[in-house]
Amino acid sequence: MVVKRSQKETQQRAPFWLAALLVLNFVLMSVDARDEATKQRMIRVWAQTVVAPFEQASSSVGGAGVGFFRSLANFRQAAVENEELKMRLAEAETHARDGQAAQIENERLKNLLNFRESSGYETIPAKVIARDASAWFDAVWINRGKGAGVELGMPVATPEGIVGRVVALGPISAQIMLVTDERSGVGAIVGQLNQSNAFGSIRGLGDNGLLEMRFVPGTETIVKGDTVTTTGQDKIYPPGLTVGRVVEVKTDSANAPQVIHIQPGAPLQALEDVMVLRYRAPRNDAPEESLPNIDKGRR
1 MVVKRSQKET QQRAPFWLAA LLVLNFVLMS VDARDEATKQ RMIRVWAQTV VAPFEQASSS
61 VGGAGVGFFR SLANFRQAAV ENEELKMRLA EAETHARDGQ AAQIENERLK NLLNFRESSG
121 YETIPAKVIA RDASAWFDAV WINRGKGAGV ELGMPVATPE GIVGRVVALG PISAQIMLVT
181 DERSGVGAIV GQLNQSNAFG SIRGLGDNGL LEMRFVPGTE TIVKGDTVTT TGQDKIYPPG
241 LTVGRVVEVK TDSANAPQVI HIQPGAPLQA LEDVMVLRYR APRNDAPEES LPNIDKGRR
């Protein structure tokens, strides 16, 4: 059965057919149409125009992703290089410290050797192995004892100055009472022997870390920075060793003895290497040997 469209339906669909024919005609014309400048088909140009924004967006997203991962890789590489540089810097600083420490050690040993040769006394080199810094006793222990020839009462010194004397002894170690101990005593002179009359007696001031010199006549001129040396009168330390330097002078009048404070020359708070001096004060001559008018044949 053939269905016949009514005239009204045909009239209603006519505009759609006309539009379709126009679009088809436009497409056919576009296929053959070319751009005068580039000679490209117009349909291709339009297609590129429509697609370009989407391609640009895709490219931007892709580029950003690649850039992100590239930046991340560069950051990790920089971190690795920084760690390597830090390690190299630490090694360089260690070598520098080692070199400086070795130089200081060599200098100290050289000074000890020079002191040993210039002191004129046989010496026993020793290292400080312990320290007793109690309120009642200021002392150190050294790694040399009877076995090395150390004896009670022997003086101990460094190239910078006297340290103390041996007060306790074992087979392989000895205890040294420091000159800063309040019970220590040293006969000393401000200046050099045979060049000064500023004789006095020194005792330690304990925790203060200083020494006090008394009985120096007020007539003697003493100034800060003067050198103080041993006289040998204490029968412990040989004459001519450095004690330290004057840091303070207290005087009332020319008729009153001066009180002098002295900074020890030896680094008593940081002792490492010391020298035990094989020194014994000479005994006083017997009267018959010192007085020429005594008949030595008579007893």
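For the sequence shown, the numbering used here begins at 1 and goes up steadily by one.
We put the CB at the ideal spot given by N, CA and C, even for glycine.
Would you kindly work out how many angstroms separate the C-alpha atoms of I129 and W141, rounded to a whole number? Mapped onto the sequence shown, residue 129 falls at position 129. Mapped onto the sequence shown, residue 141 falls at position 141. So the alpha carbons of these two residues sit roughly 6 Å apart.
My output table needs one value for Y129: the three-state DSSP class, helix, strand or coil. Reading the sequence shown from its first residue, position 129 is the one you call residue 129. Note that residue 129 is Ile in the sequence shown here, rather than Tyr. Correct three-state label for I129: strand.
With the cut-off set at 8 Å, would you say V156 and V167 are in Cβ contact? Position 156 of the sequence shown holds residue 156. Position 167 of the sequence shown holds residue 167. Cβ atoms of V156 and V167: not closer than 8 Å.
Residue range of the beta strand (DSSP E) that S201 falls in? Counting from one through the sequence shown, the residue named residue 201 turns up at place 201. Run containing S201: 199–204, per the beta strand (DSSP E) assignment.
When DSSP builds the beta bridges, which residues end up paired with I260? The residue you call residue 260 lines up with position 260 of the sequence shown. I260 is bridged to M213, V249.
Exposed or buried, which one is D207 when buried takes at least 16 other CB atoms within 10 Å? As a working mapping, residue 207 is identified with position 207 in the sequence shown. Per the 10 Å Cβ criterion, exposed.
Quick check: the Cα distance between P282 and V216, rounded to an integer number of angstroms? Here the question's residue 282 lines up with position 282 in the sequence shown. Here the question's residue 216 lines up with position 216 in the sequence shown. Inter-residue distance for P282 and V216 is about 25 Å (C-alpha atoms, whole angstroms).
I'd like the span of the beta strand (DSSP E) that includes R165, first residue to last. Position 165 of the sequence shown, counted from the first residue, corresponds to residue 165. Per DSSP, R165 belongs to the beta strand (DSSP E) from 161–169.
Indicate whether G120 and G265 have their beta-carbon atoms separated by less than 8 Å. Here residue 120 refers to the residue found at position 120 when the sequence shown is read from its first residue. Here residue 265 refers to the residue found at position 265 when the sequence shown is read from its first residue. No; because the gap between Cβ atoms is not below 8 Å, this pair is not in contact.
Residues bridged to P267 [DSSP beta-bridge criterion]: Translated into positions along the sequence shown, residue 267 becomes position 267. None, per the DSSP bridge assignment.
T242 versus T230 - alpha carbon distance: Indexing the sequence shown from 1 puts residue 242 at position 242. Indexing the sequence shown from 1 puts residue 230 at position 230. The alpha-carbon atoms of T242 and T230 are separated by roughly 6 Å.
Between Q269 and N111, what straight-line distance do the alpha-carbon atoms span, to the nearest angstrom? The residue labelled residue 269 in the question sits at position 269 within the sequence shown. The residue labelled residue 111 in the question sits at position 111 within the sequence shown. So the two alpha carbons sit approximately 18 Å from each other.
Below 8 Å on the Cβ atoms is my guess for R278 versus M154; work out the distance and round it to an integer in Å. Looking up residue 278 in the sequence shown gives position 278. Looking up residue 154 in the sequence shown gives position 154. Going by Cβ atoms, the distance from R278 to M154 rounds to 7 Å, so yes, they are a contact pair.
Can you say whether E220 is buried or exposed, counting buried as having 16 or more other CB atoms within 10 angstroms of its CB? By 1-based counting over the sequence shown, the position of residue 220 is 220. E220 comes out buried.
Just verifying my parser: in three-state terms, what is the DSSP assignment at A275? Mapped onto the sequence shown, residue 275 falls at position 275. Residue identity differs from the one stated: residue 275 is Met in this sequence, not Ala. Note: M275 maps to strand in three-state DSSP.
Near V228, what residues of its chain come up, given a Cβ to Cβ distance below 6 Å and the 5 sequence neighbours on each side ignored? Here residue 228 refers to the residue found at position 228 of the sequence shown. Answer for V228: A188, V190, V243, G244, I262, listed in chain order.
How many angstroms separate the CA atom of E257 from the CA atom of N194? Here residue 257 refers to the residue found at position 257 of the sequence shown. Here residue 194 refers to the residue found at position 194 of the sequence shown. For clarity, residue 257 is Pro in the given sequence; the question names Glu instead. So the two alpha carbons sit approximately 21 Å from each other.
The beta strand (DSSP E) that contains P155, what's its start and end? Stepping through the sequence shown from its first residue, residue 155 is reached at position 155. Segment 155–158, the beta strand (DSSP E) holding P155.
Give the straight-line distance between the Cα atoms of A102 and V80, rounded to the nearest whole angstrom. What you label residue 102 is simply residue 102 of the sequence shown in a count that begins at 1. What you label residue 80 is simply residue 80 of the sequence shown in a count that begins at 1. Rounded to the nearest angstrom, the two C-alpha atoms are 33 Å apart.
Please state if the CB of E182 and the CB of G204 are separated by a distance shorter than 8 Å. Working through the sequence shown from its first residue, we reach residue 204 at position 204. Working through the sequence shown from its first residue, we reach residue 182 at position 182. Yes, Cβ-Cβ distance for G204 and E182 is below 8 Å.
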